[in-house]
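Numbering (our numbering), first residue to last: 63 to 315.
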């Protein structure tokens, strides 16, 4: 049953991630959390295991999604390279914070931050690009990298790219590489020296969920890129907001 659920979640989350820009964790972290709690009858380190496993899956997802976006010219690497080091630093700090918090704190933080972010996206009407000094933009990139690990979602990076002037489809494409980058950093930090008594788990990495999710993650990601030019940016934004609210409420239960 775990393998079946992992495959299903892998497909759905990767499809949404490639389409919406970082939506994978909005689905897979709550889903993996509840699978771990119920299948292994434990809440200890359940969020740590969920986040680490999602990061491992997202490394594959992000790299493939970026390649597909790059191939169809949705993004060029030069557009984002100046922000990558700050996103990486933020992700590193975020991973350390996640490692220090308990499951209940992580679960509550995940729900609250997603709710606030979804509300901001829903009610903000200013469509003008954010214009500021480069140092401020770099600082904001670092904050987005931090938040992308703390709640496991790169939605904040997508919002950042939109606010500095990227069209939403190009922002989603740029985020796909950031998914790979922050996931690699977070997985290394969270796995280093980690130990749990949960079976089928190495460090905080759950092997059955990882193995079952990856193949369907690849398929879902490749399929979703085809629809970016079909669905309007307004609908993409509305779907992203709905997904953020849904994930937030799911983790409040």
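Cβ atoms here follow ideal geometry from the backbone N, Cα and C, with glycine treated the same way.
Identified DSSP bridge partners for residue i
i: residue 267; result: 264
Test item: CB-CB of residue i and residue j under 8 Å
i: residue 243; j: residue 222; result: no
i: residue 336; j: residue 279; result: Summary: the structure shown does not reach residue 336, with the chain confined to residues 63 through 315, and so no result is reported for it.
i: residue 303; j: residue 228; result: no
i: residue 253; j: residue 114; result: yes
i: residue 126; j: residue 245; result: no
i: residue 286; j: residue 77; result: yes
i: residue 111; j: residue 260; result: yes
Cβ-Cβ separation, residue j to residue i (assumed contact under 8 Å), whole Å
i: residue 69; j: residue 312; result: Not a contact, Cβ separation roughly 20 Å.
i: residue 93; j: residue 71; result: 5 Å
i: residue 230; j: residue 299; result: 7 Å
i: residue 214; j: residue 149; result: So it is not a contact: roughly 15 Å between Cβ atoms.
i: residue 172; j: residue 247; result: With a Cβ gap of about 18 Å, residue 172 and residue 247 do not count as contacting.
i: residue 81; j: residue 266; result: Residue 81 to residue 266, Cβ: 28 Å. No contact.
i: residue 241; j: residue 124; result: 3 Å
i: residue 211; j: residue 156; result: 3 Å
i: residue 310; j: residue 208; result: With 8 Å as the limit, residue 310 and residue 208 do not qualify as a contact, their Cβ atoms being about 18 Å apart.
Best match in the options for proximity to residue i [C-alpha to C-alpha]
i: residue 138; options: 90, 74 and 237; result: 237
i: residue 166; options: 63, 96, 233 and 136; result: 96
i: residue 64; options: 262, 154, 310 and 132; result: 262
i: residue 161; options: 120, 108, 145 and 197; result: 108
i: residue 130; options: 281, 118, 87 and 141; result: 281
i: residue 196; options: 269, 144 and 217; result: 144
i: residue 233; options: 268, 66, 295 and 305; result: 295
i: residue 119; options: 297, 273, 307 and 308; result: 273
i: residue 154; options: 140, 117, 185 and 307; result: 117
Ignoring anything shorter than 4 residues, give me the alpha helix (DSSP H) runs that lie fully in the segment 184 to 255, in order along the chain.
196 to 212, 217 to 225 and 230 to 253
List in chain order: all unbroken alpha helix (DSSP H) runs of 4+ residues lying wholly within the segment 140 to 175.
Listed in chain order, the alpha helix (DSSP H) elements of length 4 or more contained wholly in the segment 140 to 175 are 143 to 162.
Which ranges does the alpha helix (DSSP H) cover as unbroken runs of at least 4 residues, wholly within the segment 65 to 137, from first to last along the chain?
-> 86 to 101 and 108 to 133
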